[in-house]
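S.K.: Sharing a structure with you now.
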């Protein structure tokens, strides 16, 4: 197999721009020459990487897997050159993590507590809504995904680690006397809702059908919904592991009962293909944090 590094770089630019003309301009070559290089890469790999029937273009299933490999190879080449020239003293690999908004601080803190300052890999963490984060992994846009339960990502070619569980619990801000501002049994409950297309919104659909919920504010951001609830603007269903402090201080009060709660599990996901050294180091750390036997 004869693959040139410039073809890998071409492919990564094309997968990011999803447009041959734009990618060719970014690579400073003509579009016909750029298209030929992509074809030569596909021939060398032995599979079509680009679905040209769509506008904008998309990666095929093989292309999504190969994007992870291509980025790892480019990183390893850069790392080796850096080591040889003694220009840096770490492996130089950036670990790209896509995370659901509600998990980003929790997961980042877990990793930072696990590594010493000297051992900590360079992390690039992007907070996204759950569906965007899943797409980032599927399109090869990140090394590791931190998100909620997704049956598709538990099947090959993906690998997963269960990082924890929790509950979405209904909460209200407090009155001056310490009682909840709202009751879940009111005729009309002002609801601080998740966007209905998102994971959290879908999880709460059965509850919405049982109660007289009237949306007064909609967001994909847990922290924003929490602030709205504390300010007394409505009832929100929030992950219990993110509101421990507010429940202890009385800023938020749990309302309803267990029938109004929804269980959630959150996971780390990746492709089964090998990551660069720093990526593997972070994955091993996540296994240790989750208590997975790494022997």
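In my numbering, the protein residues as written are -7 to 287.
Beta carbons are placed, not taken as given, at the ideal position from N, Cα and C, and that holds for glycine.
Remember, predicted model here, so these are calculated numbers, not experimental data.
May I have a chain-ordered list of the alpha helix (DSSP H) segments no shorter than 4 residues that lie completely inside the region 145 to 219?
M.R.: The region 145 to 219 contains these whole alpha helix (DSSP H) runs: 191 to 195, 197 to 202.
S.K.: Tell me the residue span of the beta strand (DSSP E) that contains residue 350.
M.R.: Nothing can be reported for residue 350, as the shown portion of the chain is limited to -7 through 287.
S.K.: Thinking C-alpha only, which one of 170, 243, 240, 7 is nearest residue 47?
M.R.: Against the chain shown, residue 47 aligns to sequence position 55. The residue with the shortest Cα to Cα distance from residue 47 is 7.
S.K.: Provide the residue span of the beta strand (DSSP E) that contains residue 250, from first to last.
M.R.: Sequence index remark: in the chain shown, residue 250 carries index 258 (1-based). Note, residue 250: premise wrong, no beta strand (DSSP E); not H, not E.
S.K.: Return helix, strand or coil for residue 232, following the three-state DSSP convention.
M.R.: For this step, residue 232 is matched to residue 240 along the chain shown. The answer is helix: DSSP assigns residue 232 an H, G or I state.
S.K.: Classify residue 277 as helix, strand or coil using the three-state DSSP reduction.
M.R.: Along the chain shown, read from residue 1 onward, the residue named residue 277 stands at position 285. The answer is helix: DSSP assigns residue 277 an H, G or I state.
S.K.: Are three or more beta carbon pairs between the region 166 to 180 and the region 92 to 105 nearer than 8 Å?
M.R.: The answer is no - the region 92 to 105 does not touch the region 166 to 180, with fewer than three Cβ pairs under 8 Å.
S.K.: Which two residues bound the contiguous alpha helix (DSSP H) that contains residue 13?
M.R.: Translated into positions along the chain shown, residue 13 becomes position 21. Start and end: 12 to 18.
S.K.: Bridge partners for residue 256 per DSSP, in chain order?
M.R.: The sequence position of residue 256 within the chain shown is 264, counting from 1. Paired residues: 158.
S.K.: With contact counted as at least three CB pairs below 8 Å, one residue from each stretch, are the region 84 to 94 and the region 150 to 170 in contact?
M.R.: The answer is no - the region 150 to 170 does not touch the region 84 to 94, with fewer than three Cβ pairs under 8 Å.
S.K.: May I have the straight-line CA-CA distance separating residue 36 from residue -6, to the nearest angstrom?
M.R.: For the purposes of this step, residue 36 is taken as the residue at position 44 of the chain shown. For the purposes of this step, residue -6 is taken as the residue at position 2 of the chain shown. Going from the Cα of residue 36 to the Cα of residue -6 covers about 6 Å.
S.K.: Does the Cβ-Cβ distance between residue 61 and residue 268 come in under 8 Å?
M.R.: One-based indexing of the chain shown puts residue 61 at position 69. One-based indexing of the chain shown puts residue 268 at position 276. No, Cβ-Cβ distance for residue 61 and residue 268 is not below 8 Å.
S.K.: Checking 8 Å against the spacing of the C-beta atoms, do residue 113 and residue 14 come in under that value?
M.R.: Within the chain shown, numbered from 1, the residue matching residue 113 stands at position 121. Within the chain shown, numbered from 1, the residue matching residue 14 stands at position 22. Going by C-beta atoms, residue 113 is not nearer than 8 Å to residue 14.
S.K.: Looking only at C-alpha atoms, which of 49, 101, 90, 5 sits nearest to residue 59?
M.R.: Start at 1 with the first residue of the chain shown, and residue 59 comes out as number 67. Residue 5 is the option with its Cα nearest to residue 59.
S.K.: Check whether the region 116 to 126 and the region 182 to 202 are in contact - that is, three or more C-beta pairs closer than 8 Å.
M.R.: Because the criterion of three Cβ pairs below 8 Å is met, the region 116 to 126 and the region 182 to 202 touch.
S.K.: For residue 136, list the residues DSSP reports as bridge partners.
M.R.: Counted from its first residue, the chain shown places residue 136 at position 144. The partner list for residue 136 (beta bridge, DSSP) reads 89.
S.K.: Between residue 26 and residue 3, is the Cβ-Cβ spacing less than 8 Å?
M.R.: Here residue 26 corresponds to residue number 34 of the chain shown, with the count starting at 1. Here residue 3 corresponds to residue number 11 of the chain shown, with the count starting at 1. Contact: no.
S.K.: Give me whichever residues DSSP pairs with residue 114 in a beta bridge.
M.R.: Along the chain shown, one-based indexing puts residue 114 at 122. In the DSSP output, where bridge partners are listed per residue, residue 114 has 86.
S.K.: Between the C-alpha atoms of residue 227 and residue 66, what's the straight-line distance to the nearest angstrom?
M.R.: Position 235 of the chain shown holds residue 227. Position 74 of the chain shown holds residue 66. The straight-line gap from Cα to Cα measures roughly 49 Å.
S.K.: Along the chain, where does the alpha helix (DSSP H) that runs through residue 37 open and close?
M.R.: Taking the chain shown and counting its residues from 1, the one referred to as residue 37 is at position 45. Looking at the DSSP string, the run of the alpha helix (DSSP H) that includes residue 37 is 23 to 37.
S.K.: How about residue 49 and residue 57: do their beta carbons lie closer than 8 Å?
M.R.: As a working note, residue 49 is residue 57 in the chain shown. As a working note, residue 57 is residue 65 in the chain shown. No, they are not a contact pair.
S.K.: Nearest to residue 88 by alpha carbon, out of 253, 128, 220, 158?
M.R.: The residue labelled residue 88 in the question sits at position 96 within the chain shown. Per the Cα distances, 128.
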